[in-house]
Every structure is written in structure tokens, then in C-alpha cells.
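Everything in the sequence shown is counted per the working numbering, starting at 9 for the first residue and increasing by one.
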Amino acid sequence: MSEHHIHPVPDSFKAHAAIDAERYRAMYQRSVEDPDGFWAEQADAFLTWDKKWDKVCESDLRKGEVAWFKGGKLNVSVNCVDRHLEQRADQVAIIWEGDDPSEDQMITYRELHTEVSRLGNLLRERGVKKGDRVCIYMPMIPEATYAMLACARLGAIHSVVFGGFSPDALKDRILDADCQVLITADEGVRGGKHIPLKNNADKAMNACPGVHTCLVVKRTGADVGWKEGRDIWYEQEVERQSDHCEPESMDAEDPLFILYTSGSTGKPKGVLHTSGGYLLQSAMTHKYVFDHQEGDVYWCTADVGWVTGHSYIVYGPLANGATTLMFEGVPTYPDASRCWQVVDKHMVNTFYTAPTAIRALMGAGDKWVTQTSRQSLKLLGTVGEPINPEAWEWYYRVVGESRCPIMDTWWQTETGAHMLTPLPGATDLKPGSATLPFFGVQPVLLDNEGHEIEGAGSGNLAIKAPWPSQIRTVYGDHQRCIDTYYSAYPGYYFTGDGARRDEDGYYWITGRVDDVLNVSGHRMGTAEVESALVLHPKVSEAAVVGYPHDIKGQGIYAYVTLMGGEEPSDALRKELIDLCVQEIGAIAKPDIIQWAPGLPKTRSGKIMRRILRKIAANELDNLGDTSTLADPAVVDDLIDNRANQ
Ligand code: WTA
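Below you can see the structure in the form of C-alpha cells.
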């Protein structure tokens, strides 16, 4: 097995990385034995405080209550921008690479400061103040970062909604957080295609009377709808603002942002992160996991609409005064060598992406990689889903020319920052393993009764002590936060993931143990897709499961039962797919729809997803016990009519 294939720490990192194996062990031990002392030192080293905290950590995991650096005061935008001006005003903060390879832009820390201050003043002029929620629905352009930081400057809470979400999904999120301001663009540009963001926003805002201001960045100059009084052009209004914007001094526990993510039930939840702890752990992991050095050019390919974009395009790197690359496009446009062209063009040192992208590029063939130099690369990273050892080895050998260690980082929207991860100067790598806990993180494996498993073994991955960038609540519904994360195993934070721990203490994430899908690294609840499908008047019932997909990791497999008298057809199949796109977005398109005259249910009416998963994965000789089904014949029918993949 791949376990035997160990890649030791490269000599180059052994020599200069901030943390070697011995230091990792000592620091880790200290971090769990004296967490308050450890984190106080880190908070001092990484952040600039207006006022020191009264208490490092207060927590009661049974109630889902966590607070870090209470009483401490700081402003996140000051930490990400202002404090760097003395040393690095003329250093590039953001390299923007457009979808079109001929377009790029360099933004220095001085310019970033001007942009964030002007936008902060404009938002203030429109009435935005501490605690208000601002929705950001943007393409990958620098203004998305300005918007996040301008909110942070005012103490307003941003809620970034991925630009690929539909008007309906946007509307739900605006309403849930009661956002009164929306920042968007006329259109987005990705892979040569235009995305009608303002049109989508208009549809959403029709159902959101609370939005009094919509700032629109002109990206393409497309014709867009306009509502006088509410809609204003970003550039025009920002230009006349002053370059000075007084930052709000925030409590460490004041909210920084809300980010919606999917769970196994109900609508997406607004995960709330606060200011001090979140910024500390995102900065610290960015520094240590990527071994960030002065002058490095760092590129994370995520979208700012996801947590990876928040922590590792914006907050972590900017808090560290790094140069962060922001890419508007996709890895396969204009062709499959785009990423490596960009690496060569901007001399990128660190490249952080998702396994799904690696698999897609691997499928396109080595020549797209080998035609480029990539000599600037020192370190590679992956995030979002388990990486199969084959893709890991390809990434290592072909992209990194066996020179660059790969950091497989496991974490979640709720954890805010890396939790399980190698450190490049400290950790021998095993392809497919997220390896060991980051400082202060105490993972455990629990059996189904909630007992901790010792030594090597498999179980439910939980965390038994608080960490600084931990979820604080589900916006507007703390009970839901408790129910989702803290009630399955009282006293622990439950991740929803399964994992195995090997003899060396390395963790191997085996994937979700709940009804959450991970499609191309995007999280989605099966229930969300099912709710979209049953909106169709001809559908009586739907059950959605994931199945193994070569590129996406997981594909979406939907079993659909039609109303009596309705006939399946290709046209209906298309209508159902369109419905998912309309309700959620293109990421929620089912890959396979199987018409199911009946679904396997227990006598009490519960759908047995375990069986549906096996059928979807074509593991037919291993269906397990079907004797408790109300009608076992249903299963034979589903197998006989299994959709060809
Ligand atoms: C999965 C993304 C294996 C996992 C940062 C987790 C991973 C979910 C890894 C969170 C990894 C993330 N190896 N699985 N390195 N990283 N996951 O909230 O199932 O979008 O629970 O956060 O992605 O997804 P989310």
C-alpha cells in the first residue's frame, strides 16, 4: 500500500524551514499542555493588537461555546494592510491574473490601503456600520478582496456568496443574514464565458426588499438592469472618497464573516467566524504550512466564495504581508497548461489547489506541464477532498519534478484554517494522508458509541479541545450549531468525516460519514439537491447519493420517483437538471438520474441510503442486510435498471 511509499523531508527544507521535526514535536507538545501560554505567544507574534486580551481561551464544547482572546482589541484590515505600510508599502500585495492571459494587474500594499480605505468610506456613507451584514457576490477580481477588507475595517460582517450560485441561492443567503448592502459586478468572466452576476443579483434582490444599496463593479461593461437610488457604480463613487478611513477597533470575539456551507439536513448554514482567533490561525498556518518566506509569490487557486479563498487568498497571506495571486479564470483555459504558464509568468513559489483540478490536469496529459519551466516552484499544496495516491504522485513527480513537498491540508469551513497537515520542514509525507495535527489541534477517532479509539484504527473524526479559528455559531441559530457539531459526541466537536490513523499516528481521511456530498471539492447536502428535484410537479420523491467519479471525486446520482401516470423522458431529465441549476447553481447538476419506481425504505418509511450508495457505486454483491426493507423487490428493480455510467 501507499503507506510504504514515504517521501522524506527534502534537504532544502530541512536546512531552512522555520520548523523541523524536533521543533514540531516540542511546539506541538507545548501547544496541548499549555494552550493558553502557547497561543498567547503566537497571538503576540502574528498580530498587532490595539489592546491585549483579558483571557486567552474560554470554552464549553458541550454548549458549543468558544471564545479566544476576549477583551483583546484589533482591526483585521489594519492587520492585513496598514501595519505593512512601513516596511512594504511598495511591495506587491495582490497579483491579479485575468481570465484572458493578456490581462493582469499588480496591486501594492499602498494601493491596497487606498482602495480599502476609499471603499470603507463609501460603505460608511451608505450607512454601513459595525455589526451590519454585507453580501459580496463577486467574480475573482481585486475588488472582491477590497470589499472583504473594507467590511472588516468598519466592523461590518461580510457574507461572500460564490459567484456560481443561482439567484435563488443568493436570495436565501441575503435573507438569512439580513444583508442590506450587496456588492457585485456587471458580469464575471471565466474560461472565456461571461456570467451575468448583476442580472442574477437583480432577480435575488427582487425578493430582498431590505437591500438598500447595491454597488456594481464594471468588469465587462455589459448592459445591466438598474434601479435608481439602490444601484450605484463602484468606480464612480469610490473615486471621490478620501484615502483615510478610520478603522473600527473590534473585540477579538466580534464577528468577521459569515460563510454559508452545506450540512446533511436543511438549508445551508451561516458559519460565523470572529476576528482575533480566526486571523491568528489563518496567518499562522499560512506561514508554517507553506513555509512562507519574505519575497515568496504565493498562489491559491480557490475562489473567494469558499473558505479556502477567505483564509488562504485573503486573510492568511495578507496578514503575513505576503504577495498573493488571485486568478480570475479556470485551469483549462485557454488550454490545460494555463496554471503552469501563470507559474512561469509570475514566478510563483507556492501553488495550492484541489485534487479535482490535479486529476483533470493529469487526465489532459503531461505535455501541458512539461512544456513549461516551473523552476520557481518550491512547494505544492492540496485541499478540499481526499487526494488519491496516484494523483498525488503525478502532482509530485510531473508538476513538482520530485523537488516540491506536497502539503495535503485537511480542514473545513467550520474549522476556519488548517487542522491536519504536514509541515514542509518537519513531516515525512505519505501520499494520500493529511498526516499530523497542526499546533493545538487535538484530533480523536471515536467509535459509534463515542469511545475514543487508541492507536491505529478507524473511526469518526472529532476534535477534543478548542482551537482559535473554530466556528463560533450558526448565524441566528446557535441550537443548530450545537445539534450539528456538538451533540453527536458530547464534549467533542464532530467533523462529519471518517478517518483512519496508522501506526505512525498519521491520519487518512476516508470522506464524509454523513449525507454531505463533496463534488469537485464543493460541499453540498444531498437534501438540498433532493429539495430542488421534488419542486418539479411530475416528481413525487427523490433520493440523492454520491458515487465515485474519476475527476470530481464524487458525482451526484439521483434516484427519482415520478407521480403516478407520469412517464420518464429525456426532456424531463433535462428539466430536472435545469431545476437543480436554477435552485442551487451549476455545481449541483446531477451526473446521473435513474428513474426509480420505488425507493428502498424501512418499514417506518426511512430511505436506506446505504443501499442506494452501493447501487450507485456498482458494488452490487455487497448490499448488506436488506431484510428490514418494507419491499425488498424494489432493490432488484433498481439494480436491473441501474443507469450506465
Ligand atoms: C473534505 C474545505 C480529505 C472533508 C477546506 C471536509 C478533505 C470537507 C480535505 C470540508 C483533505 C477537505 N483531505 N478531505 N485534505 N480537505 N476535505 O467546508 O470531507 O468546503 O469535511 O472546506 O472537505 O469542506 P469545506
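Backbone N, C-alpha and C fix where the C-beta goes; we use that ideal spot for every residue, glycine too.
Keep in mind that this is a model prediction, so the values were computed, not measured.
Handout entry: Secondary structure of N87, DSSP reduced to three states
Key = Per DSSP, reduced to three states, the secondary structure at N87 is helical.
Exercise for the section: Would you mind giving the Cβ-Cβ distance between V124 and L157, rounded to the nearest angstrom? I have them listed as a contact below 8 Å. Expected result: Contact holds; Cβ gap of about 4 Å.
Problem - Proximity winner among L183, I182, C222 and V232, relative to H202 (alpha-carbon distances) - result: Taking only the C-alpha atoms, the option nearest H202 is V232.
Handout entry: Among K137, T116, R161 and R181, nearest to Y145 - alpha-carbon criterion
Key = Nearest C-alpha to Y145: R181.
Exercise for the section: Evaluate the contact criterion for the segment 277-291 versus the segment 98-112: three or more CB pairs, one atom per stretch, below 8 Å. Expected result: These segments do not touch.
Handout entry: Three-state secondary structure (DSSP) of T503
Key = Reduced to three states, the DSSP call for T503 is strand.
Problem - Burial state of M9 (16 or more Cβ within 10 Å) - result: The pLDDT assigned to M9 is 44, lower than 50, so where the model puts this residue is not dependable; a value taken from the coordinates is nonetheless given after this. By the 10 Å Cβ count, M9 comes out exposed.
Handout entry: Counterpart residues of E549 in DSSP-defined beta bridges
Key = Paired residues: T569.
Practice task
Return the bridge partner residues of S466 from the DSSP annotation.
Solution key: Answer by DSSP bridge pairing, in chain order: R508.
Practice task
Say yes only if the C-beta of N687 is nearer than 8 Å to one or more non-hydrogen atoms of the ligand WTA, and no if none qualify.
Solution key: The displayed coordinates of the chain run from 9 to 653. Any statement about residue 687 would go beyond what the structure contains.
Exercise for the section: State the beta-bridge partners of T273 as determined by DSSP. Expected result: Answer is none; T273 lacks a bridge partner.
Practice task
With hydrogens ignored, establish whether the beta-carbon of P204 is closer than 8 Å to any heavy atom of the ligand WTA.
Solution key: Distances taken from the Cβ of P204 to the heavy atoms of the ligand WTA include none shorter than 8 Å.
Handout entry: Per-residue DSSP class, three states only, for R611
Key = Note: R611 maps to coil in three-state DSSP.
Practice task
Helix, strand or coil for P432, going by three-state DSSP, please let me know.
Solution key: Of the three classes helix, strand and coil, the one that applies to P432 here is coil, per DSSP.
Practice task
Compute the minimum distance between the beta carbon of D505 and the heavy atoms of the ligand WTA, and state whether it is under 8 Å.
Solution key: Checking the Cβ of D505 against the ligand WTA gives yes.
Handout entry: C-beta atoms of P598 and L646 nearer than 9 Å
Key = In this structure, L646 does not lie closer than 9 Å to P598 by Cβ.
Problem - Alpha-carbon to alpha-carbon, A34 and A399 - result: For A399 and A34, the distance between alpha carbons rounds to 33 Å.
Exercise for the section: Within the same chain, show all residues whose beta-carbon is closer than 6 Å to that of P150, passing over the 5 residues directly before and after it, in chain order. Expected result: Closer than 6 Å at the Cβ level, and outside the excluded window around P150, lie I102, W104 and I115.
Problem - Segment contact flag, the segment 351-369 with the segment 555-564, C-beta cutoff 8 Å, min 3 pairs - result: A contact exists between the segment 351-369 and the segment 555-564.
Exercise for the section: Using only the heavy atoms of the ligand WTA, determine whether one of them is closer than 8 Å to the beta carbon of V527. Expected result: Annotation for V527 indicates a beta carbon at 8 Å or more from all heavy atoms of the ligand WTA.
Practice task
Measure the Cβ-Cβ separation of V356 and L326 and say whether it is below 9 Å.
Solution key: Remark: C-beta atoms of V356 and L326 do not approach each other more closely than 9 Å.
Exercise for the section: Would you check if the segment 188-195 and the segment 218-228 touch, i.e. whether three or more CB-CB distances between them fall below 8 Å? Expected result: A contact is defined here as three or more CB-CB pairs under 8 Å, and the segment 218-228 meets this definition with respect to the segment 188-195.
Exercise for the section: Note down the Cα distance separating D639 from W475, rounded to an integer number of angstroms. Expected result: Distance between the alpha carbons of D639 and W475: 47 Å.
Handout entry: Residues bridged to T358 (per DSSP)
Key = For T358, the beta-bridge partners assigned by DSSP are Y306 and L387.
Problem - Residue from V452, R650 and H166 whose Cα sits closest to the Cα of Y514 - result: Answer by Cα proximity: V452.
Exercise for the section: Please find out if some non-hydrogen atom of the ligand WTA comes closer than 8 Å to the beta-carbon of I595. Expected result: Outside the cutoff, so no.
Handout entry: Cβ shell of Y494 (< 8 Å), same chain only, five flanking positions each side left out
Key = If we look at Y494 and ignore the five residues flanking it on each side, its Cβ neighbours are L69, R70, K71, G72, Y500, Y501 and F502.
Problem - Cut-off 7 Å between Cβ atoms - residues of its own chain near Q590, not counting five sequence neighbours on either side - result: The answer, listed in chain order, is S174 and D176.
Handout entry: V552 and E538 closer than 9 Å at C-beta
Key = Yes.
Problem - Contacting residues, own chain, Cβ-Cβ under 6 Å from Q113 (five flanking each side not counted) - result: W104.
Handout entry: C-alpha distance - A25 paired with P413, whole-angstrom precision
Key = Each residue's alpha carbon lies about 12 Å from the other.
Problem - heavy atom of the ligand WTA below 8 Å from A177 C-beta - result: A distance criterion of 8 Å places the beta-carbon of A177 beyond contact range of the ligand WTA, judged by its closest non-hydrogen atom.
Practice task
Please confirm whether any heavy atom of the ligand WTA lies closer than 8 Å to the CB of W402.
Solution key: Not so, every heavy atom of the ligand WTA lies at least 8 Å from the Cβ.
Practice task
Specify the secondary structure class of W241 as computed by DSSP and reduced to three states.
Solution key: Here DSSP, grouped into helix, strand and coil, assigns W241 to strand.
Problem - Buried or exposed by the 16-neighbour rule on C-beta atoms within 10 Å, applied to T610 - result: When all chains shown are included, T610 counts as exposed.
Handout entry: Status (buried if at least 16 other CB within 10 Å, exposed otherwise) for E261
Key = Buried, because 16 or more other Cβ atoms sit within 10 Å of the Cβ of E261.
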